[in-house]
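Chemist: Right, I'll just put the structure down here and ask away after.
Chains as they are written, first to last, in the working numbering: chain A, 629 to 889; chain B, 629 to 889; chain C, 629 to 889; chain D, 629 to 889.
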C-alpha cells in the first residue's frame, strides 16, 4: 500500500480531469486507449506515482494512486448505486473500525463491501450476503482489484432466511426488504451494537423502523444526506447546477437487551 | 472493546431517549444525577451492556456501550463544531484507514481527532497540531475517555509555521487559515495522497483552492453536505422541522508531482 | 395603497432590525412599547414613510409601509404555519391572478387567504372555508388589517361536505384531509384549472395524489421547497446556521375532461 | 381568459405526460407533429378545453389551457434560466400585485416579465430594460403569446445608465451587474418599496448587498431556494433522483429615507 513507484500489476487512476478518470491495471507491453490518445504502460512502469504522462496525442494524464473512494466509485455498476456520501455516513453511524466483524447484505457489486473491508482490516472481517450470483462475481473482482478480498467472506445466501454469524459488531443492510432481516440482525449482534439500513423509499423505511421497534432495538434515527458540489473560482463561485437529489435514507438503531425471540 | 459486561471504570452511554443521552464513567460507590432521578453505578457493575436500569424515580435508562459517534458528539465543546456528517465525509475523502499516518490541524477539543484515531488504529498515527493549550487539555481528556490517546501525538505547535512529519497519507485541516498550510502539506504528503480542508465560509474556500492550484495539487473538489432527519411513524412520516443549514464546506485535493517548492 | 405620508389609522411596520419588526396601527395620542423604549404615534403622523424615528431610549426605528409578506408573516398564529416560500409557490402553481375566483380551505388564521386576496383583487374573489369559528375571527382581523377583506368571502363551512361555488379558477387546500375534497374540487373547477394542496406528511400526499388520479385530474406534480438564508458579508459570506427543514409538500394537478361523478 | 371552448388562434398546451407538453397555436387546416403522431387542429376547434384528442398514431393527448407557469417555462430560451420557484419568490418578496408599477432589467426572453405582467395587470405596468435587441424580439413574441404585451413597455436601454421611471413599486434585477443599478433604483422607487435582485454567483450578491447598504436600503435579506420533486406512488414514494442544485440567490431590500444622492 505504500509503494511510491508504479509497478507492473498495480491499479492506477489515470487522471485527465476531475470528471474524466480511469481505473486501470498496469500491464507490461500493453496500452490503454482513450478519446485523447493512448498511454503505453511501459512508459509508466518505474515512474513515481503522481507523475504526468503524455498520451500518443500529447494530452497529459496524471498517474494517481487509487484511494478508497476511487475503488468505491468505480465498482458502482449494474445495480443500485450507493454513493460515497452514504457509505461515509453508514460507516460512521455503524461505529465499526479496525478489527470489527460486520455482516452486510446485499453485496451488490461490492461498493459498500469495499469500504467496509477497508475500515475493518486487517483483523476484522466482512460477511457479505448476496443471492444473485452474477453480482457476487463482479463484487469479487472489485474487491480483488482494491486488494481487500482477504477481509471479506462472500456468501451466496439469502439473508432473510437467517444470519450464520453471531456476536458481530454491526449489521449493514442495503437490500429491498430490510425489515425481514431485523430479527436475524438482533440475534447476530453483540449487545449495544448497531444495525444500519439504507433504503431509497419512504415505505421501506417505515417498515424497517416498525420492525426495529418490535425487535428490541433503541435509539432509532433516520436521516437523508444531500451533497452539493461547489464551483470555486474567485469572482464566479457558486453551487453546481445539477445534483443528485436523492439516493436513499439511512436508518440507524442499537440493540438493547431484554428482547427474547 | 469487546467486553459485554459493565465494569468499573468503563464509560457508558446512559440512554433516556434519542435526544437525552449521557456519556459517564462508571465509578463504584457513586451515582449519576439526572432530572429523572439518579442512577447508582453499583447497580450497573456486572450487568450486561444494553440492560435497562431504573433511576431512583423509577424512570428507565438503558446502559449502552458508547460508539465512535457518541465520543465525537460528546467531545464537541468550546470551539467550532464538527458534525458527524462532516467527519464521515472527511474520513472517506481522505482515503485513510487502518495504518495511515495523518496530520491534523487544529485539534480543537478533539472531535475529529477522535474519529481519525479510531480509523487509523492500531498501527497508524495522528499528529495533531494546536496552538491553544487549553484546547489540547480538553482534547487529551476526550481522547483518553474514548481509549484512543495512544494513537495520537498532540503537538502544541503552529501548523502554519511548518509540518514536522513527512511521507504522511493525509493532511486534514480544520482551522481559520487553511491556505497558509497548503505548501507545508504538499511537502509532508506522500505522492498522490490527500489534503482535506473544512471551512465555514466561502472566502476561506476560495483562498484554499487557489493555494492548492498554485502548489501542485490536482483533482480539487469542494462539497457541502446537508443532513436532514426524518420523523418515521406510519401515517405521519415527514422530515424534521428544523435542521442545521450549514456547518462548512469540505475541500479535497490530491498531491501530484512536479511541483518544486 | 399609494400614500407616502403616515396617517392616523395606517398599519406600519416598525423596523428595528431584520429580526425585530412590529406591525402596528397608528393611533393618535397613543404609544407603542418595545424593549428598546416606546414610540409616540403623534411623532409619526404626517411623516414620510421610510422615516427614522427615535424611541424614548434614543434607539432608531424605521417606519416602513407593510408589504404583502409582512401581513402574511404577522398573521401566522395559533395554527399550522404556511411560509412565504410555500405561499409563493402555491400562488404560482395555481395560475391565479387579478380577476381569478379561488376556493380555499381551510382558512386558518388567514395567512394564505391574505396572499390569495392580494393577487386576485380587485375583480377576483376568494371563497375561504373554515369550520373552526375562532380561526375565522382571527382571519377576518388579519384580512381587515391588510385591507383585503373586501375580496374574500369567509365561510363557516366544512369543505369536505361540498363546495358551493362553480366555474372557479383554482381550489387551494391546506387542511388535514385534502383527499376528501378532491371530487368536490373537480366539480367546482373550470376545465383545465388547478388544484393545489399543501400537506406536511408523506401519507397525506399519497392519499391526495391517489384521489386526484381517480377523479379526472392530470399533470400531477408534488414538490417540496427548501429556502436557506445567506449571511452576506465580504470575507465572511456563508449560509445561515439554522433553517426550517420542512414545512410541507405542495401538490399540483389540472382538471381534465371526461370524468363523470 | 375564461372561454371553455378551443377556438382558432388560441394557444393550447398539448399534454402527453408530465414531461412531454407542447405550447402550440391552433391554426385551422394545419397539424402539429410529434414523435407520437400528428394532431389535426381542425379536430380540436370547438372542443372543450381539457378534452382528449388522439394523434394519427392513436396516442391520446389532452388539450389544456396554458397557465402562467406554462408560458414562463416555455419562454425560457437562449439565456439565463429563471425558474418558476425563483419567479414565485421574487414576486412575493417584491410585494407587487394588481396595479403595481414595476421596473425590470434585463428582459432576457421575457420569462420573468411574463410573470410580472400577469400579476400587475390590468392597471399596473412593467417597464422592462434590455440592451440586447435580439432578446427583446423573443420577449415580445413570448409576451404576445401569453396575452400580456399590453401591460409591458419593452425598452432598448442600458439600465446601468439610469431608470426613466419614478415612484415605482418595485425594481427587479436579473442581470450580470445588479450593483450598478442600485442607486438608480433608489431614486426610482417610492419610499419603503422594494428592490429584488437575482444572481447566480456569491460575488454578485456580495457586491449588490454592499451597494444596498451604501445607498439607503434596509432590511436586506438573501436567500436561495431549492425545489425537489417527489415521486408519489403508494409503497414506492421517494424524492426524485435528480434536481437542479442551483439557479441563483434572491436578494431583497427596502428603500428607507434620508439618503441623498
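Quick reminder that beta carbons are idealized off the backbone N, C-alpha and C, glycines included.
Within 10 angstroms of the Cβ of residue 870 of chain D, are there 16 or more other Cβ atoms? Answer buried if so, exposed if not.
Modeler: exposed
Chemist: Skipping 5 residues on each side, what residues in its chain have a beta carbon closer than 6 Å to that of residue 721 of chain A?
Modeler: 824 and 880
Chemist: So is residue 888 of chain B in contact with chain A if we call contact Cβ pairs under 7 Å?
Modeler: Note on residue 888 of chain B: pLDDT 46, under 50, position unreliable in the model; the coordinate value appears next. Answer no: the Cβ-Cβ gap between residue 888 of chain B and chain A never drops below 7 Å.
Chemist: Just checking, does the region 844–861 of chain A make contact with the region 783–794 of chain A on the three C-beta pairs under 8 Å criterion?
Modeler: no
Chemist: Give the straight-line distance between the Cα atoms of residue 805 of chain C and residue 830 of chain C, rounded to the nearest whole angstrom.
Modeler: Each residue's Cα considered, the two are about 12 Å apart.
Chemist: In this structure, how does DSSP classify residue 746 of chain C when only helix, strand and coil are distinguished?
Modeler: helix
Chemist: For residue 674 of chain D, decide whether its Cβ has a neighbour in chain C, counting only Cβ atoms nearer than 7 Å.
Modeler: Not an interface residue.
Chemist: With H, G and I counted as helix, E and B as strand and the rest as coil, what does DSSP make of residue 760 of chain B?
Modeler: It is coil, neither helix nor strand.
Chemist: What separation, rounded to the nearest whole angstrom, lies between the Cα atoms of residue 876 of chain C and residue 668 of chain A?
Modeler: 57 Å
Chemist: Nearest chain C C-beta to residue 841 of chain B closer than 7 Å, yes or no?
Modeler: no
Chemist: Which residue wins for smallest C-alpha separation from residue 657 of chain C, given the options C:649, C:648, C:739 and C:671?
Modeler: The option with the nearest alpha carbon to residue 657 of chain C is C:671.
Chemist: Starting from residue 873 of chain A, follow the alpha helix (DSSP H) in both directions and report where the run begins and ends.
Modeler: Per DSSP, residue 873 of chain A belongs to no alpha helix (DSSP H) and is neither H nor E.
Chemist: Does the region 722–737 of chain A come within contact of the region 754–763 of chain A, defined as at least 3 CB pairs closer than 8 Å?
Modeler: Judged by Cβ distances under 8 Å, the region 722–737 of chain A makes contact with the region 754–763 of chain A, as three or more pairs qualify.
Chemist: Classify residue 698 of chain B as buried or exposed, calling it buried when 16 or more other Cβ atoms lie within 10 Å of its own Cβ.
Modeler: buried
Chemist: Around the Cβ of residue 745 of chain A, are there at least 16 other Cβ atoms within 10 angstroms (buried) or fewer (exposed)?
Modeler: So residue 745 of chain A counts as buried.
Chemist: If you draw a straight line from the alpha carbon of residue 648 of chain A to that of residue 662 of chain A, how long is it in whole angstroms?
Modeler: Cα to Cα, the separation comes out at about 10 Å.
Chemist: Helix, strand or coil for residue 711 of chain B, going by three-state DSSP, please let me know.
Modeler: coil
Chemist: Nearest to residue 750 of chain D by CA position, among D:853, D:739 and D:729, is which residue?
Modeler: Looking only at D:853, D:739 and D:729, the smallest Cα-Cα distance to residue 750 of chain D is reached by D:729.
Chemist: What does the Cβ neighbour count give for residue 797 of chain A, buried or exposed, with the cut at 16 atoms within 10 Å?
Modeler: buried
Chemist: Find the residues of chain C that neighbour residue 833 of chain D, judging by a C-beta separation of less than 9 Å, and give them in chain order.
Modeler: Within chain C, the C-beta atoms nearer than 9 Å to that of residue 833 of chain D come from 858, 860 and 865, in chain order.
Chemist: Skipping 5 residues on each side, what residues in its chain have a beta carbon closer than 7 Å to that of residue 743 of chain A?
Modeler: 696, 700, 715 and 719
Chemist: Pick from C:822, C:688 and C:764: whose alpha carbon is nearest that of residue 642 of chain C?
Modeler: C:688
Chemist: Any idea if residue 802 of chain C is buried or exposed, counting beta-carbon neighbours within 10 angstroms, 16 or more meaning buried?
Modeler: buried
Chemist: If you drop the 5 nearest sequence neighbours on each side, which residues of the same chain put their C-beta closer than 6 Å to that of residue 644 of chain A?
Modeler: 689
Chemist: Would you call the region 806–819 of chain D in contact with the region 837–854 of chain D, where contact means no fewer than 3 C-beta pairs closer than 8 Å?
Modeler: The region 806–819 of chain D, when compared against the region 837–854 of chain D, does touch it at the 8 Å Cβ threshold.
Chemist: Could you tell me which whole beta strand (DSSP E) segments of length 3 or greater appear in the region 815–852 of chain C?
Modeler: Qualifying beta strand (DSSP E) stretches, in chain order: 817–827.
Chemist: Starting from residue 697 of chain D and walking both ways along the alpha helix (DSSP H), at which residues does that stretch end?
Modeler: 696–702
Chemist: If we count the other Cβ atoms within 10 Å of its Cβ and call it buried at 16 or more, is residue 629 of chain B buried or exposed?
Modeler: Residue placement at residue 629 of chain B is poorly supported in this model, since its pLDDT is 43, which falls under 50; the coordinates are not used for a value here.
Chemist: Which one of A:815, A:683, A:820 and A:772 has the shortest CA to CA distance from residue 789 of chain A?
Modeler: Of A:815, A:683, A:820 and A:772, the residue nearest in Cα terms is A:815.
Chemist: What number of angstroms, rounded off, separates the C-alpha of residue 778 of chain D from the C-alpha of residue 762 of chain C?
Modeler: 44 Å
Chemist: Under 7 Å, do residue 653 of chain C and residue 683 of chain C count as touching if we go by C-beta distance?
Modeler: no
Chemist: Mind reading off the beta-carbon distance from residue 650 of chain A to residue 820 of chain B? Whole number of angstroms is fine, and I expect it under 8 Å.
Modeler: 15 Å between Cβ atoms; not a contact.
Chemist: Pick helix, strand or coil for residue 774 of chain C, following the three-state DSSP scheme.
Modeler: coil
Chemist: Have a look at residue 634 of chain B and residue 836 of chain A and give me their C-alpha separation to the nearest angstrom.
Modeler: 30 Å
Chemist: Contact criterion: CB-CB distance below 7 Å. Does residue 879 of chain C meet it with respect to chain B?
Modeler: no
Chemist: For chain C, find out if any of its Cβ atoms is closer than 7 Å to the Cβ of residue 868 of chain B; answer yes or no.
Modeler: yes
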